Structure formats: C-alpha cells, structure tokens
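Enquirer:
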DNA sequence: ACATGATCATGC
DNA sequence: GCATGATCATGT
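Numbering (this note's numbering), first residue to last: 1280 to 1503.
#1: Would you check if the region 1399-1419 and the region 1308-1318 touch, i.e. whether three or more CB-CB distances between them fall below 8 Å?
#2: Can you give me the Cβ contacts of residue 1483 inside the same chain, cut-off strictly under 8 Å, excluding the 5 residues immediately before and after it?
#3: Are at least three pairs of beta-carbons, each pair with one atom in the region 1442-1461 and one in the region 1474-1489, less than 8 Å apart?
#4: Got a sec? Which residues, its chain only, sit under 6 Å from residue 1416 by beta carbon, not counting five neighbours each side?
#5: Could you spell out where the beta strand (DSSP E) holding residue 1318 opens and where it closes?
#6: For residue 1494, count neighbouring C-beta atoms within 10 Å of its own C-beta (all shown protein chains included) and say buried if the count is 16 or more, exposed if not.
#7: Measuring straight from C-alpha to C-alpha, what distance separates residue 1405 and residue 1478?
#8: Can you tell me the Cα-Cα spacing of residue 1352 and residue 1370, whole angstroms?
#9: Can you check whether the CB of residue 1434 is closer than 8 Å to the CB of residue 1379?
#10: Using the C-alpha atoms, what's the distance from residue 1358 back to residue 1450?
#11: Leaving out five residues before and five after residue 1299 in sequence, what residues of the same chain have Cβ atoms less than 7 Å from its Cβ?
#12: Can you grab the Cα-Cα spacing for the pair residue 1446 / residue 1437, in whole Å?
#13: Pick out whichever of 1420, 1329, 1372, 1474 has its Cα sitting closest to the Cα of residue 1308.
#14: What are the residues that DSSP puts in a beta bridge with residue 1458?
#15: Going by Cα to Cα distance, which pick from 1377, 1497, 1402 is closest to residue 1442?
#16: Could you tell me how far apart the beta carbons of residue 1354 and residue 1335 are, in whole angstroms, since I believe they sit closer than 8 Å?
#17: In three-state terms, what does DSSP make of residue 1391?
#18: Output the residue ranges of the beta strand (DSSP E) runs that lie fully inside the region 1337-1387 and measure 3 residues or longer, sorted by chain position.
#19: For residue 1332, count neighbouring Cβ atoms within 10 angstroms of its own Cβ and tell me buried if that reaches 16, exposed if not.
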C-alpha cells in the first residue's frame, strides 16, 4: 500500500484528514486506496493500520521513526466495541533486553513513542465483517501528567526486572497500564538477553503494550 | 468472557 | 533479526 496523498504539513491538516474519514467503513477506505478488503485479518493483522497510514499520508514505512516524522506524531488504530471499549491492547515498541543499565524513562523509546499519538478508533467487533467496520472520530493525544506517571511507574518496574535478569519472570500481569508480552513471529524466535547472574542468554523478544484500561481512559477523557 | 501468550505479513 | 503494522486463539 502506497501513500495516496502528500504528507500532512501540520497537525491540523492531519487531524482534518482523519476527521474526514470518520463514519466511513473499511470498504470505502479500501476503495479510496485502490486495494481490496481481506475476508478476515488472520493473515493481515496490520491491514487496517496500514490502510490508514496510506490514506493519511504517512511515509515512514518500517523505519524506526514516528509515522509523521516532521510532526512527531505516531498513528495508532484502536479496535473498539459498540460501547466504545478497546478490544485489544496496543503495541508500543520492543522492550530492550540488553544494555539496560542506566536507561531512564526520560530517554525511553516508550516515552518518545507516546509523546504524541493520533488515535483512530475503529468499530471492529469480530462479528462485524472487516469491510463493514467503521472509522471513529480521531483523537490527537499527549499523556497527561497523571498518565505519564502511570506509564513511568510501569516502565520502571518492568525495566528493573529486566535489569535484574528477570526477563523470564515477567508476565503480562505485571504493570498497571502497560505490560510486556511476546513480540515475535513465533515462540521459537530468540534474541539476546541477560540472565539471573548477568550472563548472556537467549530469550523470546518482548514488546511493551498498553493495557485496555489505559486506552479506555484516553478515549473517555475525550468524550464530549 | 476475557487476558495472556502466540502469531501473521512485509521490508530491509 | 528487527523494525513496522497489529489481531488471533487458547487457556483459565
């Protein structure tokens, strides 16, 4: 999927574009982009997110930079129920498993990634055919002081465990608003990590994910 | 019913 | 292998 518009030149232009997509369904968006709608997302889990990128003029591709680099804005689609509740957690970034000594929240990739996010809710209950899922009203967000505190607390807890060589003890239950879970093509993938005694080990790659309670709060706080 | 752990596609 | 985009599907 290639971008079909130029890069937005301002936050407002980006937001305007997103607002203009609200209320449309994925079939209409696919039509605008000249692509076909998959029957399900089993083999194209990122399809809707990539479709929105293309329609809004994101050019970053798979580069480790914000979707809208010059605006420092990250784009996230968020599947929601008819009640407006998030249906999935939200991937943030890979969790560093080596050389973590001295890393601070202020310099973390998580903080940077979440500093400014354009959330685009999609009514995406699994019973709704992909083509009929509807784009919701967009939300341009930066964490409040309270939200950042919560994120920082979880980040510090989780990173401390990693720094102590406890990566294999971390489960998705750790963290109040953010968790660490596997992020890999399959469970046999391995990457460099650090063990209990500081020795090098191989571990399943992990990622930071925002829990539903957190993204729910973001949506609620924007409710009119 | 739901979250956790597992997985899928793609580019370089 | 690691980054991007996430949702699937099983266990509890």
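Where is the CB? At the ideal position from N, CA and C, for every residue including glycine.
Every value quoted in this text rests on a predicted model; they were computed, and no experiment measured them.
Expert: Checking against the coordinates, here is how it stands:
#1: For the pair of segments examined, the region 1308-1318 was found to touch the region 1399-1419: the number of CB pairs separated by less than 8 Å reaches three.
#2: Counting from one through the first chain, the residue named residue 1483 turns up at place 204. 1461, 1463, 1466, 1468, 1469, 1470.
#3: Yes, since at least three Cβ pairs between the region 1442-1461 and the region 1474-1489 fall closer than 8 Å, the two stretches touch.
#4: Position 137 of the first chain, counted from the first residue, corresponds to residue 1416. Excluding the 5 residues flanking it on each side, residue 1416 has same chain C-beta neighbours closer than 6 Å at 1301, in chain order.
#5: Sequence index remark: in the first chain, residue 1318 carries index 39 (1-based). Careful: residue 1318 lies outside any beta strand (DSSP E) and carries neither H nor E.
#6: Your numbering for residue 1494 matches position 215 in the first chain. When all chains shown are included, residue 1494 counts as buried.
#7: Along the first chain, read from residue 1 onward, the residue named residue 1405 stands at position 126. Along the first chain, read from residue 1 onward, the residue named residue 1478 stands at position 199. In this structure, the CA atom of residue 1405 is about 44 Å from the CA atom of residue 1478.
#8: Reading the first chain from its first residue, position 73 is the one you call residue 1352. Reading the first chain from its first residue, position 91 is the one you call residue 1370. Their Cα atoms are separated by approximately 15 Å.
#9: Here residue 1379 corresponds to residue number 100 of the first chain, with the count starting at 1. Here residue 1434 corresponds to residue number 155 of the first chain, with the count starting at 1. Contact: no.
#10: Looking up residue 1450 in the first chain gives position 171. Looking up residue 1358 in the first chain gives position 79. One alpha carbon belongs to residue 1450, the other to residue 1358, and they sit about 23 Å apart.
#11: Translated into the one-based positions of the first chain, residue 1299 becomes position 20. So the list is empty, once near-sequence residues are dropped.
#12: Residue numbering aside, residue 1446 sits at position 167 when the first chain is read from its first letter. Residue numbering aside, residue 1437 sits at position 158 when the first chain is read from its first letter. So the alpha carbons of these two residues sit roughly 9 Å apart.
#13: For the purposes of this step, residue 1308 is taken as residue 29 along the first chain, with counting starting at 1. When each option's Cα is compared against that of residue 1308, the closest is 1329.
#14: Here residue 1458 corresponds to residue number 179 of the first chain, with the count starting at 1. In DSSP, residue 1458 forms a bridge with 1488.
#15: If you number the first chain from 1, residue 1442 lands on position 163. Residue 1377 holds the alpha-carbon nearest to the alpha-carbon of residue 1442 among 1377, 1497, 1402.
#16: Sequence index remark: in the first chain, residue 1354 carries index 75 (1-based). Sequence index remark: in the first chain, residue 1335 carries index 56 (1-based). Their Cβ separation, rounded to whole angstroms, is 7 Å, which keeps residue 1354 and residue 1335 in contact under 8 Å.
#17: The count along the first chain starts at 1 and reaches residue 1391 at position 112. DSSP places residue 1391 in the helix class (H, G or I) of the three-state scheme.
#18: Taken in chain order, the complete beta strand (DSSP E) segments of 3 or more residues contained in the region 1337-1387 are 1353-1359, 1369-1373.
#19: Position 53 of the first chain, counting from 1, holds the residue named residue 1332. With 16 or more neighbouring CB atoms inside 10 Å of its own CB, residue 1332 falls in the buried class.
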